[in-house]
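Residue numbers (this note's numbering), protein chains in the order written: chain A, 1 to 135; chain B, 1 to 136.
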């Protein structure tokens with residue numbers, strides 16, 4: 001059984017991926033809170049509605065009509081989160097603009113969203129287990 | 001999980017850099033009254049840690065480090081003390097350009113930044129734990 005073929009699990013896995021990558025960026029900001037000329041960064045927020053639309057439209061997908069055709073690699077498996085500048089707006093004399101408070105807030109929000117997604121994932125696995133056991 | 005491990009390494013580099021800063025500041029405070037052993041020589045010169053970020057290819061992220069410890073070029077303080085072994089012919093002694101108040105403030109700031117990195121590390125730990133709980 002491939003859990004990643006079940007939409008809820010693949011969606012949640014993507015969410016966990018994104019939140020972990022965001023934690024990485026925030027950790028980088030906090031570590032560089034005293035580095036001159038460092039500007040805070042954040043991950044580019046994906047427009048999920050647009051992504052869903054593009055995923056559902058198969059107009060640009062490469063068709064394979066024979067088993068010997070090589071399918072185009074799906075873009076879903078290779079999501080790259082882009083880092084963009086997200087200044088906290090507290091530039092100090094050294095040109096560093098990281099605000100530890102803002103970063104701490106972002107970090108705790110990310111942590112809670114991560115816990116939420118991980119919990120839903122766990123509940124989903126429990127549900128499957130329940131279905132398999134029959135009680 | 002990979003990103004979480006990377007994040008932990010980034011936070012660890014922050015901890016390292018801040019503890020180096022605390023070490024340098026402690027040296028400054030300890031040497032706040034270190035005069036020269038003889039007239040004509042310079043007393044202790046205040047040291048300033050310089051932070052810079054660098055890309056660690058093995059980790060694949062931008063870590064932070066104390067790239068060098070620079071010397072503070074400001075003037076030394078002068079104090080009139082003719083009996084001092086380092087006093088010049090006019091009776092003045094050069095004292096280090098260390099201001100204890102500034103050093104204390106720097107120490108506090110380093111402490112706060114250290115705690116922030118520690119908090120980030122704790123968050124990463126709890127996130128990794130919540131991922132492992134899926135296995136239960």
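Yeah, the Cβ is synthetic: ideal placement off N, Cα and C, and Gly gets one too.
Is residue 43/B helix, strand or coil when you go by DSSP? coil
Report, in whole angstroms, the separation of the C-beta atoms of residue 63/B and residue 76/B, which I expect to be a contact under 8 Å. Not quite, the Cβ-Cβ distance comes to about 36 Å (not below 8 Å), so this is no contact.
From 124/A, 15/A, 39/A, pick the residue whose C-alpha is nearest to that of residue 91/A; which is it? 39/A
Contact between the segment 71-87 of chain B and the segment 124-135 of chain B (3+ Cβ pairs under 8 Å): no
Would residue 27/A pass as a contact of residue 58/B if the rule is Cβ separation under 8 Å? no
Taking 8 Å as the CB-CB cut-off, is residue 77/A touching chain B? Low confidence applies to residue 77/A: its pLDDT is 49, below 50, so where it sits in the model is not reliable, and the reading given next is rough at best. So, not an interface residue.
Can you check whether the CB of residue 94/B is closer than 8 Å to the CB of residue 33/B? no
What ranges does the alpha helix (DSSP H) occupy inside the segment 54-136 of chain B, keeping only unbroken runs of at least 4 residues that lie completely in it? 100-132
Helix, strand or coil: which one does DSSP assign to residue 52/B? strand
Under 9 Å Cβ-Cβ, which residues of chain B neighbour residue 36/A? 50, 51, 52
Residue interval of the alpha helix (DSSP H) (run including residue 2/B): 2-30
Contacts around residue 9/B, its chain only, beta-carbon distance under 6 Å, and the 5 residues preceding and following it disregarded: 59
Is it buried or exposed for residue 113/B, if we count other Cβ within 10 angstroms and need 16 for buried? buried
Run through chain A and tell me which residues come within less than 9 Å of residue 31/B, C-beta to C-beta. Simply none; closest approach about 22 Å.
Assign residue 98/B to one of two classes, buried (16 or more other C-beta atoms within 10 Å of its C-beta) or exposed (fewer than that). buried
Using beta-carbon positions only, say whether residue 44/A and residue 84/A come within less than 8 Å of one another. yes
Residue 52/B versus 69/B, 27/B, 82/B, 31/B, residue with shortest Cα-Cα distance: 69/B
State yes or no: is the beta carbon of residue 118/A nearer than 8 Å to at least one beta carbon in chain B? yes
Closest residue to residue 109/B among 11/B, 39/B, 84/B, 25/B (Cα-Cα distance): 25/B
For the pair the segment 110-128 of chain A and the segment 4-16 of chain A, tell me if three or more CB-CB distances fall below 8 Å. yes
Nearest to residue 37/A by alpha carbon, out of 80/A, 110/A, 87/A? 87/A
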